[in-house]
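Residue numbers (the UniProt record's numbering), protein chains in the order written: chain A, 1 to 166; chain B, 1 to 166.
Protein chains: 2
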Amino acid sequence: MADVVEKERRILVAVDEGEESTHALSWCLKNVISENSKDTLSLLYVKPVRVVYPAPDGTGYLFSSDILAAMDKYGTDVADRVMEKAKRMCKDLNDVKVETRVEQGDPRDVICQMAEEEGADALVMGSHGHGLIKRALLGSVSNHCAQNVKCPVLIVKKPKSTAANI
Amino acid sequence: MADVVEKERRILVAVDEGEESTHALSWCLKNVISENSKDTLSLLYVKPVRVVYPAPDGTGYLFSSDILAAMDKYGTDVADRVMEKAKRMCKDLNDVKVETRVEQGDPRDVICQMAEEEGADALVMGSHGHGLIKRALLGSVSNHCAQNVKCPVLIVKKPKSTAANI
Chain A
1 MADVVEKERR ILVAVDEGEE STHALSWCLK NVISENSKDT LSLLYVKPVR
51 VVYPAPDGTG YLFSSDILAA MDKYGTDVAD RVMEKAKRMC KDLNDVKVET
101 RVEQGDPRDV ICQMAEEEGA DALVMGSHGH GLIKRALLGS VSNHCAQNVK
151 CPVLIVKKPK STAANI
Chain B
1 MADVVEKERR ILVAVDEGEE STHALSWCLK NVISENSKDT LSLLYVKPVR
51 VVYPAPDGTG YLFSSDILAA MDKYGTDVAD RVMEKAKRMC KDLNDVKVET
101 RVEQGDPRDV ICQMAEEEGA DALVMGSHGH GLIKRALLGS VSNHCAQNVK
151 CPVLIVKKPK STAANI
């Protein structure tokens with residue numbers, strides 16, 4: 001609608017390393033974001049919290065500091081790759097401002113908190129996002145956000161062509 | 001985006017008598033539908049199934065046929081009012097085709113089925129839709145749809161100004 005093109009909106013997109021997240025961002029770019037609008041697209045990646053296992057004998061931790069540092073580096077590399085890919089997908093937007101943010105924590109809490117903090121006009125995310133096993137443990141991230149975020153939530157599934165591979 | 005304006009999409013909006021549903025349709029009109037696009041907006045209202053209570057002595061039904069007819073008429077009147085209001089909200093759309101459809105059944109099943117049957121590109125709905133008591137009995141309609149519909153699902157909450165009245 002004519003007045004929408006002029007309206008400044010803030011769209012928060014939760015991205016991760018999954019295909020569904022890529023598809024969610026792509027759907028959002030095609031169907032929600034107006035190329036020449038003054039929208040702000042905020043890309044959020046939530047790094048999972050590092051679990052520190054104490055050694056069974058209580059004398060220290062199961063992993064050496066080298067291994068922990070390697071795990072942290074891996075987490076940072078993944079975050080960088082996810083953000084680079086997301087930014088590449090947004091490169092054709094003209095007046096849309098693209099912001100990126102990497103946070104650490106439980107994605108359910110962090111995404112809800114960011115939507116609130118940023119005053120997002122809408123939250124866009126894939127429907128699973130965090131893999132079958134994590135989802136079983138955590139409950140679906142998107143379900144949680146749909147129930148707890150105040151702004152409209154757009155949940156995008158994997159496209160049909162790849163849905164058969166789930 | 002320029003090519004999106006030309007793209008024909010089918011957006012299914014589940015409407016009901018609640019404020020949240022009105023807000024969901026309004027948000028969709030402002031943020032998803034392009035006024036001059038060739039989008040089709042499909043408005044769906046699902047009438048709840050009439051529950052027929054057998055009389056405790058098993059000799060017939062608890063309500064007379066007059067009462068049942070009055071209940072049916074009430075259901076039809078509500079459906080008409082909801083659809084009229086929804087159509088009025090869409091009256092300023094130029095090239096967008098607006099279709100209406102009233103079905104009867106469990107809204108969770110009917111909405112999912114219609115999204116599939118119509119090949120919707122997106123489903124838009126309020127987050128509660130069917131009242132606190134029914135929601136507790138049925139489970140959240142929007143949750144169910146977000147999990148079971150293949151297309152992107154946009155769940156819109158009540159606006160903040162009225163959220164305090166929930």
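Glycine included, C-beta positions come from ideal geometry on N, C-alpha and C.
- At least three beta-carbon pairs within less than 8 Å, the stretch 75 to 95 of chain A to the stretch 105 to 113 of chain A: no
Using a Cβ cut-off of 9 Å (strictly closer), state whether residue 108 (chain B) contacts chain A. no
**Message:** Any beta carbon of chain A sitting closer than 9 Å to that of residue 113 (chain B)?
**Reply:** no
When Cβ atoms are compared, which residues of the stretch 73 to 93 of chain B fall closer than 7 Å to chain A?
-> none
Using a C-beta to C-beta distance shorter than 8 Å, which residues of chain A count as neighbours of residue 146 (chain B)? 127, 142, 143, 146 and 155
inquiry  = Looking only at its chain, what residues have a beta carbon closer than 8 Å to the beta carbon of residue 17 (chain B), apart from the 5 residues adjacent to it on each side?
reply    = 78, 81 and 82
Measure the C-alpha to C-alpha separation of residue 100 (chain B) and residue 115 (chain B) and round it to an integer number of angstroms.
-> 13 Å
Rounded to a whole number of angstroms, what is the C-alpha to C-alpha distance between residue 97 (chain A) and residue 42 (chain A)? 8 Å
**Message:** Quick check on DSSP: helix, strand or coil for residue 112 (chain A)?
**Reply:** helix
Let's see if you can read the secondary structure: which residues bound the alpha helix (DSSP H) around residue 141 (chain A)? 141 to 148
message = Give me the residue from A:152, A:157 and A:151 with the minimum Cα distance to residue 147 (chain B).
response = A:157
Among B:32, B:39 and B:24, whose alpha-carbon lies nearest the alpha-carbon of residue 27 (chain A)? B:32
Quiz prompt | Expected contact under 8 Å - CB spacing of residue 124 (chain A) and residue 45 (chain A) to nearest Å | solution = With 8 Å as the limit, residue 124 (chain A) and residue 45 (chain A) do not qualify as a contact, their Cβ atoms being about 14 Å apart.
Start and end of the beta strand (DSSP E) containing residue 167 (chain A)?
-> Only positions 1 to 166 of chain A appear in the structure, and residue 167 (chain A) is not among them; the question remains open.
Q) Taking the alpha helix (DSSP H) that residue 67 (chain B) falls in, what are its first and last residues? A) 65 to 89
**Message:** By the three-class DSSP mapping on this structure, what secondary structure does residue 22 (chain B) have?
**Reply:** helix
Problem set entry | Nearest-angstrom Cα separation, counted from residue 155 (chain B) out to residue 56 (chain A) | 46 Å
Next on the checklist: Between residue 25 (chain B) and chain A, is the shortest Cβ-Cβ distance under 9 Å, so that the two count as touching?
Outcome noted: no
Practice problem: Just tell me which of B:23, B:9 and B:10 has its CA closest to the CA of residue 85 (chain B). | Solution: B:23
Note to self: Counting only C-beta atoms, is residue 3 (chain B) closer than 9 Å to chain A at any point?
What the structure shows: Confidence is the limiting factor: at residue 3 (chain B) the pLDDT is only 44, short of 50, which leaves the residue's position unreliable and the question unanswerable from this model.
Margin query: Which of the three DSSP states is assigned to residue 13 (chain B) in this structure?
Written below: strand
- If you draw a straight line from the C-alpha of residue 93 (chain B) to the C-alpha of residue 15 (chain B), how long is it? 18 Å
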